[in-house]
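In the working numbering, the protein residues as written are -13 to 120.
Below you can see the structure in the form of C-alpha cells.
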C-alpha cells in the first residue's frame, strides 16, 4: 500500500492537487467577500475540484480507460466525501482547535488550509481506483 504513495504518479497528483488547492484556498478568500465562511469553503472547494479534474485527467491519469462521463461521475463521488472532510475539519479548526490554542490571527486561513490537507490520501486512492481507473 505504501508504494502507491511513493510513485511518480502520486508526486504528479500532489503537484496538480497543490495547484487545485491554491485555487481552492485563494478563491475562498474572494468568495468570503460575498458569503459566509462555511458557504465560501464549499464554493472554493468546487472551484478547486474543477481545476483538479482537468489537471488530473490531462497530467496524472493519462492511461485511464474510463469514459469521460464515468470519470466525472466517480470524480464527483470521491470529492463528495472529500468536501465533507474539508468542510468539517475547517469548521472544527476554526471554532474549536484554534480558539483553544489562543490563535487569533489568520484563523480562517489556517482552518481552511488544515481542511484542505486532510483528504489528500483518500482522494488519491479514490481517483486512482475509481475516477481514472486504468
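Ideal Cβ positions, reconstructed from N, Cα and C, are used throughout, including at glycine.
- Bounds of the alpha helix (DSSP H) holding residue 73 are 54 to 78.
- Linking residue 74 to residue 29 through their CA atoms gives a straight-line distance of about 14 Å.
- One thing to note: residue 72 has its Cβ within 8 Å of the Cβ of residue 102.
- As the crow flies, the alpha-carbon of residue 68 is around 12 Å from that of residue 111.
- When only Cα atoms are considered, residue -11 and residue -1 end up about 14 Å apart.
- The alpha-carbon separation between residue 108 and residue 65 amounts to approximately 10 Å.
- Annotation: residue -10 is outside any alpha helix (DSSP H) and is labelled neither H nor E by DSSP.
- When the Cα atoms are used, residue 22 and residue 16 turn out to be separated by approximately 11 Å.
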